[in-house]
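Colleague:
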Amino acid sequence: MFELNSSSCRVLTGSIIYLTVIAGVLTIATFRSRAGVLTSFEADRFVASGTPGSAKPFFSLSTNRTYGSGGRARFWIDYQGVDKLDFRVYRVKDPLKFFGTALLVCW
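The sequence shown begins at 12 in the working numbering and counts up by one.
1. Are the CB atoms of Y90 and F69 nearer to each other than 9 Å?
2. Roughly how many angstroms lie between the CA atoms of S44 and G35, to the nearest whole one?
3. My output table needs one value for L37: the three-state DSSP class, helix, strand or coil.
4. Are T77 and W87 closer than 9 Å when you measure CB to CB?
5. Can you tell me where the beta strand (DSSP E) holding L72 begins and where it ends?
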């Protein structure tokens, strides 16, 4: 019938492995993109309908990097079920001393 020598067998095996990996990656990407669309749709519906009664109010303040004392900080505020936020930013002269006492108060 059909004979495979060692080099054509290696090429065929390698091709099958690559095609399997590519198919797996495309499948995962498809599932993730569909999940992102559904999540985005649910978020839009949530914003349009307002806060559901079962959701607890919260807010979070976040950034994606650390800033030095001379840098201009950039951060994001996410919130749900909160009408307004008031917060203040203070400059701390001795951060180790400040956070050391803050940790003692928390524990």
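The C-beta atom is built at its ideal place from N, Cα and C for all residues, glycine as well.
Modeller: The relevant details are as follows:
1. yes
2. 14 Å
3. helix
4. no
5. F69 to S73
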